[in-house]
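All remarks here apply to the structure that follows.
Numbering (my numbering), first residue to last: 1239 to 1808.
As structure tokens, this is what we get:
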């Protein structure tokens, strides 16, 4: 049964970032590499053998050299490309490397050696083939031939990557045609960066090639190669497997190879790499946490800017409302206020006579019309039908444009770039209309409750009680109309100019008027907050996009705990 020391996917799947900083790509890389490296580290620490992995590009003769070092024809060779389809390991029969093997991508199959040995194999994709031996001089080594480093098959490249993580020593095989190619060259740079022990073999060298020229090319790229780790092997035209054993260059390489990987040197190598890998593991964990911290700081700045654009959208909404509250609207409201209060004025008869004389020409012109009495339900339905959604649409459209143009990451591969544009993030026209309707329902409910509270206790049988109750409701309806019509900022001015002629000190309507002033201010505030809350819904959706891509505090603490479990205290 296979076991790994790496954490389950539940923790690593929760490590994410929106992509607000240049280090976001590093977060994704580290999240992928740290658990694999940790699994490889603990597996290697438990086996006590030195893994030597042969790595090289297509056609470099890697399998031929692997066979020569093993002293057996294990990995099939030939001119077809590729020749090695899966990794082949030469392992002592008592070395149970299957136990706790950390990578599920490879099935392990052991081939037991008979008296005549086993036939050479090309390997099999997705499978690590183990060829057993009983040589005590190689009992402490696991020698592995791998598929081509530059293979077109993704599975092959993945197996090379995972076997590289297991390697204590890399035998990197290249050729005169391949050594400067990008893929092998970059991989060699990685070997050096990881401080792994390695040998570089320049195979199939022409007679006129000079090792110094090759060294100069590497030196220009910042790669210094020591003499005992760099070996040049000649191009052989035929019977390569037999002739390579007679070549002085290969004999020298084999001598240095087995001397460097003697049993004692192997133990020293294991200790040194274990220490180095532990420090490297701690360093990568700290680097990951630093990157996540940077993303969190950037996210806070992003939210601050989102709030700036939100407040700007609210200002746009307020301005659009005020544009709708023009002089025509003021005149309409004043007429409605006067009509409502005059209807219940105790001195309405003499005032109506004078008013009719003044208003008669206006009726003929169609400026003033007759208005029938309406119920509270009818009044509220009429008002709801007057709601203009253009200001709220304009505010949200302006807000969305600001977010996508100024807050979206420029990199289209950044997670936040995609999330901000995902379906269901931007409020649709239908959602905006429904949200406004919900807010208006809440406002109307508050208005109804307010009226009931004010009307409670007023004797309905007396004329002044009926008067006060009716004038309050009429005033509240007009206050709501004023808010919906474009704003509440001039409500008090409208009330003063329209109602003042009907108010006398000590009269019950003075009480109603004062209550109406207070309620009108509160109603205007509530109406504005209701519209702003619709814009806030859009803001919260954007904030939710960001939050869904952040690594939680719980996950970060889990990473800190995991670091201690894997690598010990700093």
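Glycine included, each C-beta is placed from N, C-alpha and C at the ideal position.
Every value quoted in this text rests on a predicted model; they were computed, and no experiment measured them.
According to DSSP, is residue 1370 part of a helix, a strand, or is it coil?
Numbered from 1 along the chain shown, position 132 holds the residue referred to as residue 1370. Three-state result, residue 1370: strand.
Give the DSSP-derived three-state secondary structure of residue 1802 in the structure shown.
Reading the chain shown from its first residue, position 564 is the one you call residue 1802. Residue 1802: helix per DSSP, three-state reduction.
Which residues does DSSP list as the beta-bridge partners of residue 1289?
Here residue 1289 refers to the residue found at position 51 of the chain shown. Its beta-bridge partners are 1380.
Backbone secondary structure at residue 1422 - three-state DSSP
Within the chain shown, the letter at position 184 stands for residue 1422. DSSP places residue 1422 in helix when its eight states are reduced to three.
Counting pairs of Cβ atoms below 8 Å between the region 1291 to 1311 and the region 1510 to 1518, do you hit three or more?
Verdict: no, contact absent.
Would you kindly work out how many angstroms separate the C-alpha atoms of residue 1667 and residue 1776, rounded to a whole number?
Taking the first residue of the chain shown as 1, we reach residue 1667 at position 429. Taking the first residue of the chain shown as 1, we reach residue 1776 at position 538. Put simply, the backbone Cα of residue 1667 is about 12 Å away from that of residue 1776.
Distance, Cα to Cα, residue 1389 vs residue 1450?
Residue mapping note: residue 1389 aligns to position 151 of the chain shown, counting from 1. Residue mapping note: residue 1450 aligns to position 212 of the chain shown, counting from 1. Computed Cα separation, rounded: 29 Å.
May I ask you to list the residues that DSSP assigns as paired with residue 1326?
Taking the chain shown and counting its residues from 1, one reaches residue 1326 at position 88. Beta bridge pairing from DSSP links residue 1326 with 1367 and 1383.
Based on the DSSP output, what are the partners of residue 1443 in its beta bridges?
Position 205 of the chain shown, counted from the start, is the residue given in the question as residue 1443. Partner(s): 1472.
Return yes when the Cβ of residue 1663 is within less than 8 Å of the Cβ of residue 1783, no when it is not.
Taking the first residue of the chain shown as 1, we reach residue 1783 at position 545. Taking the first residue of the chain shown as 1, we reach residue 1663 at position 425. Yes, these two residues count as a Cβ contact at 8 Å.
Opening and closing residue of the beta strand (DSSP E) in which residue 1346 lies
On the chain shown, residue 1346 is found 108 positions in, with the first residue counted as 1. Taken as a continuous stretch (DSSP letters only), the beta strand (DSSP E) holding residue 1346 covers 1345 to 1349.
Are residue 1272 and residue 1533 close, meaning C-beta to C-beta below 8 Å?
The residue labelled residue 1272 in the question sits at position 34 within the chain shown. The residue labelled residue 1533 in the question sits at position 295 within the chain shown. Residue 1272 places its beta carbon 8 Å or farther from that of residue 1533.
Return the bridge partner residues of residue 1438 from the DSSP annotation.
In the chain shown, residue 1438 corresponds to position 200, counting from 1. Answer is 1410 and 1468.
Is residue 1662 helix, strand or coil by DSSP?
Locating residue 1662 in the chain shown gives position 424, where the first residue counts as 1. Coil.
Which of the three DSSP states, helix, strand or coil, is assigned to residue 1294?
Mapped onto the chain shown, residue 1294 falls at position 56. Of the three classes helix, strand and coil, the one that applies to residue 1294 here is strand, per DSSP.
By alpha-carbon positions, which one of 1473, 1370, 1344 and 1636 ends up nearest to residue 1444?
For the purposes of this step, residue 1444 is identified with residue 206 of the chain shown, where counting begins at 1. Considering only alpha carbons, the answer is 1473.
Environment of residue 1678 [buried if 16+ CB atoms lie within 10 Å]:
By 1-based counting over the chain shown, the position of residue 1678 is 440. Classified as buried, residue 1678 has 16 or more neighbouring CB atoms from the shown chains inside 10 Å of its CB.
In angstroms with no decimal places, state the Cα-to-Cα distance between residue 1327 and residue 1438.
Stepping through the chain shown from its first residue, residue 1327 is reached at position 89. Stepping through the chain shown from its first residue, residue 1438 is reached at position 200. Taking the straight line joining both Cα atoms gives about 20 Å.
By the 10 Å Cβ neighbour count, where 16 or more other Cβ atoms means buried, how is residue 1557 classified, buried or exposed?
Taking the first residue of the chain shown as 1, we reach residue 1557 at position 319. With fewer than 16 Cβ atoms within 10 Å of its Cβ, residue 1557 is classed as exposed.
Let me confirm a value: residue 1565 is counted as buried when at least 16 other C-beta atoms fall within 10 Å, else exposed. Which label applies?
In the chain shown, the residue the question calls residue 1565 occupies position 327. Its pLDDT being 47, under 50, residue 1565 is placed unreliably by the model, and nothing is read from it.
Check whether the region 1494 to 1506 touches the region 1253 to 1263, taking contact to mean three or more Cβ pairs, one atom from each stretch, closer than 8 Å.
Segments in contact, no.
Inspect the CB distances between the region 1281 to 1293 and the region 1376 to 1391 and report whether three or more fall short of 8 Å.
Yes, the region 1281 to 1293 is in contact with the region 1376 to 1391.
Check whether the region 1764 to 1775 touches the region 1624 to 1640, taking contact to mean three or more Cβ pairs, one atom from each stretch, closer than 8 Å.
By the Cβ criterion, the region 1764 to 1775 is in contact with the region 1624 to 1640, since at least three pairs of Cβ atoms, one from each stretch, lie closer than 8 Å.
Where does residue 1301 fall in DSSP's three states?
On the chain shown, residue 1301 is found 63 positions in, with the first residue counted as 1. Helix.
What's the call for residue 1424, buried or exposed, on a 16-neighbour Cβ count within 10 Å?
Along the chain shown, read from residue 1 onward, the residue named residue 1424 stands at position 186. Classified as exposed, residue 1424 has fewer than 16 neighbouring CB atoms from the shown chains inside 10 Å of its CB.
For the alpha helix (DSSP H) that residue 1195 lies in, which residues bound it at each end?
The requested residue 1195 is not part of the displayed model; the chain covers only 1239 to 1808.
Kindly indicate the opening and closing residues of the alpha helix (DSSP H) around residue 1629.
The count along the chain shown starts at 1 and reaches residue 1629 at position 391. Start and end: 1628 to 1644.
For residue 1341 and residue 1456, I'd like the C-alpha separation in whole angstroms.
Position 103 of the chain shown, counting from 1, holds the residue named residue 1341. Position 218 of the chain shown, counting from 1, holds the residue named residue 1456. Answer to the nearest angstrom: the Cα atoms are 33 Å apart.
According to DSSP, what are the bridge partners of residue 1786?
On the chain shown, position 548 is the one that residue 1786 refers to. For residue 1786, which the question treats as bridged, DSSP gives no partner whatsoever.
List the endpoints of the continuous alpha helix (DSSP H) containing residue 1487.
The count along the chain shown starts at 1 and reaches residue 1487 at position 249. Its alpha helix (DSSP H) spans residues 1486 to 1498.
Tell whether a beta-carbon distance below 8 Å holds between residue 1194 and residue 1434.
Only positions 1239 to 1808 of the chain appear in this structure, which leaves residue 1194 out of reach.
Check whether the Cβ atoms of residue 1488 and residue 1482 sit closer than 8 Å, and answer yes or no.
Taking the first residue of the chain shown as 1, we reach residue 1488 at position 250. Taking the first residue of the chain shown as 1, we reach residue 1482 at position 244. Judged by their CB atoms, residue 1488 and residue 1482 are nearer to each other than the 8 Å cut-off.
By Cβ distance, which residues of its chain are closer than 7 Å to residue 1627, with the 5 residues on each side in sequence left out?
To locate residue 1627, count along the chain shown from 1; it is residue 389. Shown here for residue 1627: same chain residues with a beta carbon closer than 7 Å to its own, the five before and five after excluded, namely 1670, 1671 and 1674 in chain order.
Would you list the one or two residues that DSSP bridges to residue 1362?
Here residue 1362 refers to the residue found at position 124 of the chain shown. Per the DSSP secondary-structure output, residue 1362 pairs in a beta bridge with 1365.
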